[in-house]
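Chemist: Following this message is one structure expressed as structure tokens.
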Amino acid sequence: ILAGCGFPCLGLWHQPTEHQAPFRLLANGTVDSTFTISSNGGVHGVSAYNDSLLMVAGLFMEYDNVPMFAIARIDTAGVLDTTFQSPFVFPTIVDVVEVDNDGKVLVSGSGHLPSNDTIYALIRLNPDGSVDETFHKVPERLILPSVSIFDVKQTTDGGYLVVGEFHDIHGIPRRNIAKL
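Quick note: the sequence shown, position 74, residue 1240 per our numbering, numbers continuous.
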């Protein structure tokens, strides 16, 4: 079991632990000391990329002392996979990360890209971390009604189901759940 949190993780009796998130729990409930990470901030989401790689996302600016804003791909020992490069810049926060059947990565949160001033609530990335320009990104609104996406799952037909707090997606009225 992999656990992640965006604040000091709590152990028994709500005492802070020395374990930085994410951390791996063994079958007996103890922390796996062989799994280590090296990010400089909180991890909000963890998703399996494949059998040997994981996606971690949150509020961090580097991983293993390498600039890596808000999302990184690591191996099962916690070592950074440098073939994946985050496209984001500060102050990006990624709350949810979901890997689709094609190895593309959907992320939701507040995504800041260096190429423009738009903040995105939902973006799809290619396997190397570049932005998938074939996917219609969902911009975040800073005024009401805002767009906040809490979860995204790929459907059997290759589309995506998104849930969150929103009144429309791409101008089409949808209340808190939409199929893309």
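Where is the CB? At the ideal position from N, CA and C, for every residue including glycine. For clarity, every value in this text was computed on a predicted model and none was experimentally measured.
1) For a test of the three-state rule: what should DSSP assign to Lys1270, helix, strand or coil?
2) Determine the DSSP secondary structure at Val1328, reduced to helix, strand or coil.
3) May I have a chain-ordered list of the beta strand (DSSP E) segments no shorter than 3 residues that lie completely inside the segment 1184 to 1221?
4) Can you tell me which residues form a DSSP beta bridge with Gln1320?
5) Quick one, which of Tyr1229, Tyr1326, Lys1303, Phe1316 has its alpha-carbon nearest His1278's?
6) Return helix, strand or coil for Gly1224, following the three-state DSSP convention.
7) Taking 8 angstroms as the limit between beta carbons, can you name the residues of its chain near Thr1321, skipping five residues before and five after?
8) Which of the three DSSP states, helix, strand or coil, is assigned to Val1232?
9) Measure the Cβ-Cβ separation of Val1313 and Gly1330 and say whether it is below 9 angstroms.
10) Determine the direct distance from the alpha carbon of Ile1343 to that of Ile1240, and round the result to whole angstroms.
11) Assuming Glu1264 is part of the beta strand (DSSP E), what are its boundary residues?
Modeler: According to the data block:
1) coil
2) Under the three-state reduction of DSSP, Val1328 is assigned to strand.
3) 1208 to 1214
4) Tyr1326
5) Each of Tyr1229, Tyr1326, Lys1303, Phe1316 was checked against the Cα of His1278, and the nearest Cα belongs to Lys1303.
6) strand
7) Leu1327, Lys1345
8) strand
9) yes
10) 31 angstroms
11) Here the beta strand (DSSP E) through Glu1264 covers 1259 to 1265.
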